[in-house]
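**Student:** Okay, here's the structure, questions in a sec.
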Amino acid sequence: MELPFSESYRIKMVETIRKSTLEERQKWIKDAKYNLFLLKSEQVFIDLLTDSGTGAMSDKQWSEMMLGDESYAGASSYYKMKEAIFNITGFDRFLPTHQGRAAENVLFSVLVKEGNLVPGNSHFDTTKGHIEFRKAFAVDCTIEEAFDTSCTHPFKGNVDPEKLEDVLKKSADKVPFIIVTLTNNSAGGQPVSMENLRMVRQIADRYRKIVIFDAARFAENAYFIKLREEKYKGVPIRTIVLEMFSYADVMTMSSKKDAIVNIGGFIGMRDEELFRQCSVFNIMFEGYLTYGGLAGRDMNAIAQGLYEGTDFEYLDTRVKQVEYLGNRLMKFGIPVQQPIGGHAVFVDAKRFLPDLKKEEFQAQTLAIQIYLEAGVRGVEIGALMADRDPVTRENRFPKLEFLRLAIPRRVYTNNHMDVVAIALKNVFDRRKEVTRGMKIIREASIMRHFTVELDLA
Ligand code: F0G
Numbered sequence: 099m100e101l102p103f104s105e106s107y108r109i110k111m112v113e114t115i116r117k118s119t120l121e122e123r124q125k126w127i128k129d130a131k132y133n134l135f136l137l138k139s140e141q142v143f144i145d146l147l148t149d150s151g152t153g154a155m156s157d158k159q160w161s162e163m164m165l166g167d168e169s170y171a172g173a174s175s176y177y178k179m180k181e182a183i184f185n186i187t188g189f190d191r192f193l194p195t196h197q198g199r200a201a202e203n204v205l206f207s208v209l210v211k212e213g214n215l216v217p218g219n220s221h222f223d224t225t226k227g228h229i230e231f232r233k234a235f236a237v238d239c240t241i242e243e244a245f246d247t248s249c250t251h252p253f254k255g256n257v258d259p260e261k262l263e264d265v266l267k268k269s270a271d272k273v274p275f276i277i278v279t280l281t282n283n284s285a286g287g288q289p290v291s292m293e294n295l296r297m298v299r300q301i302a303d304r305y306r307k308i309v310i311f312d313a314a315r316f317a318e319n320a321y322f323i324k325l326r327e328e329k330y331k332g333v334p335i336r337t338i339v340l341e342m343f344s345y346a347d348v349m350t351m352s353s354k355k356d357a358i359v360n361i362g363g364f365i366g367m368r369d370e371e372l373f374r375q376c377s378v379f380n381i382m383f384e385g386y387l388t389y390g391g392l393a394g395r396d397m398n399a400i401a402q403g404l405y406e407g408t409d410f411e412y413l414d415t416r417v418k419q420v421e422y423l424g425n426r427l428m429k430f431g432i433p434v435q436q437p438i439g440g441h442a443v444f445v446d447a448k449r450f451l452p453d454l455k456k457e458e459f460q461a462q463t464l465a466i467q468i469y470l471e472a473g474v475r476g477v478e479i480g481a482l483m484a485d486r487d488p489v490t491r492e493n494r495f496p497k498l499e500f501l502r503l504a505i506p507r508r509v510y511t512n513n514h515m516d517v518v519a520i521a522l523k524n525v526f527d528r529r530k531e532v533t534r535g536m537k538i539i540r541e542a543s544i545m546r547h548f549t550v551e552l553d554l555a
């Protein structure tokens with residue numbers, strides 16, 4: 099018999115998590131203004147809010163923490179991180195930052211000006227936030243297939259070349275760069291093919307534009323290229339990663355994802371002049387050039403995590419666990435973004451709760467329901483996260499309205515996945531009873547989903 103799939107690691111340290119009663123959860127979620135970000139973590143049993151900074155570090159990463167060099171300038175930990183970034187991505191210049199959005203803040207302070215247009219594939223909310231905060235506009239050029247959750251295109255994260263060309267033909271002078279998010283988080287953790295990255299590079303070259311990769315989940319992207327792009331079947335992950343980054347001029351990284359650490363980020367680049375300009379803002383916002391908001395121990399853990407995060411066996415375990423949950427949900431007939439993404443299962447809330455009005459925030463309503471059912475915390479990737487239009491101040495209703503169940507790396511077992519699957523099935527079975535959605539009581543002007551206060555509509 100063929101041996102079954104199993105994890106490529108074993109567990110050396112555990113953390114207790116606790117179940118709660120429905121009555122407790124009803125009180126807690128009301129007290130939290132129906133915003134799952136406002137819950138205390140001990141009020142959650144299985145926490146799938148995010149895969150960001152929630153992973154379990156390895157014994158080797160913890161050992162590296164002890165070896166951190168905490169010198170203000172020129173720490174050996176900085177050089178360790180620099181070497182790992184060069185080995186894995188090929189970028190020979192880098193600036194450490196405290197996380198991904200800090201890298202965006204530093205880089206966009208140099209590159210984004212008022213009135214600019216920034217085309218890309220479904221910009222992540224912090225990316226969009228940093229663009230719109232500078233009175234510029236994010237233009238989504240993701241392929242149309244991404245917006246049909248039942249379509250099984252293997253690279254739903256792809257940039258549509260026609261949409262991209264259209265922006266450049268009309269307003270090339272307003273475009274400071276093209277940004278490609280790997281994997282495409284907002285569209286469902288969907289990968290971008292190597293062919294597509296090459297095509298973006300060619301278009302960018304024709305218009306002499308910089309290409310930036312928002313590379314938070316670059317390793318998961320490389321795994322999908324290996325599995326789904328014929329030419330790359332026999333190619334090692336690290337070789338694929340190097341080719342991917344050869345098509346970019348700059349990368350921003352949230353190390354909290356594919357470098358499997360609890361905090362950290364960086365900007366990788368080649369151009370000396372850009373490095374100099376970014377350095378000014380890095381010192382101002384983040385810290386001196388050789389630590390940028392991180393402790394030496396954090397940089398050591400990132401360096402080690404970059405190697406572990408690009409190991410095939412690790413990636414295989416990781417992505418297959420996400421797929422396991424997705425397949426269980428699909429067997430129950432629950433509508434999810436297909437194929438299953440790299441870091442999360444994205445439940446199609448419009449199809450799950452078709453009778454609920456979009457003005458009543460279907461995905462948020464669903465997120466509250468699965469929390470009430472079993473203490474499982476997911477996150478809304480829909481109209482709340484989409485914010486209001488910066489000009490008209492009207493609510494924006496994106497084409498996709500998702501409940502995202504993001505799986506932390508190396509943290510939960512498939513028994514936990516079974517609990518999540520059954521919890522959602524129970525909600526699915528009683529979905530006709532979910533007739534009331536949510537309304538906003540209070541919201542921030544940008545990135546409102548983190549702090550929004552809600553009540554039953
Ligand atoms: N880019 C992408 C694609 C992301 O998913 C995130 C964070 C960031 C940039 C920002 O990085 O959090 O380190 O500042 N995503 C998390 C999530 C928060 O839950 O998807 P950060």
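In this text, residue positions in the sequence shown follow my numbering: the first is 99, and each later residue adds one.
Even for Gly, the Cβ is constructed at its ideal location relative to N, Cα and C.
Note that the structure is predicted; figures quoted are calculated from it, not measured.
1) So, residue 343 versus residue 188, is the Cβ gap smaller than 8 Å?
2) Could you work out which residue in 517, 244, 272, 340 is closest to residue 68 when comparing CA atoms only?
3) Between 237, 201, 329, which lies nearest to residue 382 when the distance is taken from Cα to Cα?
4) Give the single residue among 418, 354, 415 whose Cα lies nearest to the Cα of residue 392.
5) Tell me whether residue 507 is buried or exposed, calling it buried when 16 or more other Cβ atoms sit within 10 Å of its Cβ.
6) Please determine whether the Cβ atom of residue 159 lies at a distance below 7 Å from any heavy atom of the ligand F0G.
7) Would you check if the distance between the CB atom of residue 526 and the CB atom of residue 430 is smaller than 8 Å?
8) Just checking residue 124 against the ligand F0G - is the residue's beta carbon closer than 7 Å to any of the ligand's heavy atoms?
9) Identify every residue that forms a DSSP beta bridge with residue 193.
10) Where does residue 352 sit, in a helix, a strand or coil, going by DSSP?
11) At a cut-off of 7 Å, would you count residue 197 as near the ligand F0G, judging by its Cβ distance to the nearest heavy atom?
12) Contact between the segment 417 to 428 and the segment 222 to 238 is defined here as three or more beta-carbon pairs at a separation below 8 Å; is this criterion met?
13) Residue 359 and residue 403 look like a contact to me (Cβ under 8 Å); what is the Cβ gap, rounded to whole Å?
14) Cβ of residue 222 versus every heavy atom of the ligand F0G: is any distance shorter than 7 Å?
15) Using the beta-carbon count (16 or more within 10 Å), is residue 378 buried or exposed?
16) State the DSSP-derived secondary structure class of residue 143, mapped to helix, strand or coil.
17) Keeping to the same chain, check which residues put their C-beta closer than 8 Å to that of residue 258; ignore five residues upstream and five downstream.
18) Count the CB pairs spanning the segment 261 to 272 and the segment 208 to 218 that are closer than 8 Å, and state whether there are at least three.
19) Cβ of residue 354 within 7 Å of any heavy atom in the ligand F0G?
20) How long is the line joining the alpha carbons of residue 484 and residue 223, rounded to whole angstroms?
21) In the DSSP assignment, find the unbroken beta strand (DSSP E) run with residue 217 in it and report its ends.
22) Would you say residue 399 and residue 155 are within 8 Å of each other, going by their C-beta atoms?
23) Just the C-alpha distance for residue 262 and residue 305, rounded to the nearest angstrom, thanks.
24) Could you give the DSSP three-state label for residue 442: helix, strand or coil?
**Tutor:** Taking the structure as given:
1) What you label residue 343 is simply residue 245 of the sequence shown in a count that begins at 1. What you label residue 188 is simply residue 90 of the sequence shown in a count that begins at 1. Yes, they are a contact pair.
2) Beyond the ends of the chain as shown, which are 99 and 555, falls residue 68; an answer cannot be given.
3) In the sequence shown, counting from the first residue as 1, residue 382 sits at position 284. Answer by Cα proximity: 201.
4) Working through the sequence shown from its first residue, we reach residue 392 at position 294. That would be 354, whose Cα lies nearest to the Cα of residue 392.
5) Along the sequence shown, read from residue 1 onward, the residue named residue 507 stands at position 409. Flag for residue 507 reads buried.
6) For this step, residue 159 is matched to residue 61 along the sequence shown. False, no ligand heavy atom lies under 7 Å from that Cβ.
7) Here residue 526 is taken as the residue at index 428 of the sequence shown, counted from 1. Here residue 430 is taken as the residue at index 332 of the sequence shown, counted from 1. Yes, Cβ-Cβ distance for residue 526 and residue 430 is below 8 Å.
8) Mapped onto the sequence shown, residue 124 falls at position 26. No, Cβ of residue 124 sits at least 7 Å from all heavy atoms of the ligand F0G.
9) By 1-based counting over the sequence shown, the position of residue 193 is 95. In DSSP, residue 193 forms a bridge with 365.
10) Locating residue 352 in the sequence shown gives position 254, counting from the first residue. Residue 352 falls in the strand class under three-state DSSP.
11) As a working mapping, residue 197 is identified with position 99 in the sequence shown. Yes, Cβ of residue 197 sits closer than 7 Å to a heavy atom of the ligand F0G.
12) no
13) As a position in the sequence shown, residue 359 is number 261, starting the count at 1. As a position in the sequence shown, residue 403 is number 305, starting the count at 1. Contact flag correct, Cβ pair sits at about 5 Å.
14) The count along the sequence shown starts at 1 and reaches residue 222 at position 124. At least one heavy atom of the ligand F0G is nearer than 7 Å to the Cβ of residue 222, so yes.
15) The residue given as residue 378 occupies position 280 in the sequence shown. Under this definition residue 378 is an exposed residue.
16) As a first step, residue 143 must be located in the sequence shown, where it is residue number 45. Residue state, collapsed to three classes: coil.
17) Position 160 of the sequence shown holds residue 258. Around residue 258: 239, 240, 241, 242.
18) yes
19) Here residue 354 is taken as the residue at index 256 of the sequence shown, counted from 1. Answer for residue 354: yes, Cβ within range of the ligand F0G.
20) Taking the first residue of the sequence shown as 1, we reach residue 484 at position 386. Taking the first residue of the sequence shown as 1, we reach residue 223 at position 125. In a straight line, the C-alpha of residue 484 is about 7 Å away from that of residue 223.
21) On the sequence shown, residue 217 is found 119 positions in, with the first residue counted as 1. Element bounds for residue 217: 215 to 218.
22) Taking the sequence shown and counting its residues from 1, one reaches residue 399 at position 301. Taking the sequence shown and counting its residues from 1, one reaches residue 155 at position 57. Cβ atoms of residue 399 and residue 155: closer than 8 Å.
23) By one-based count along the sequence shown, residue 262 stands at place 164. By one-based count along the sequence shown, residue 305 stands at place 207. Going from the Cα of residue 262 to the Cα of residue 305 covers about 11 Å.
24) Sequence index remark: in the sequence shown, residue 442 carries index 344 (1-based). Residue 442 falls in the strand class under three-state DSSP.
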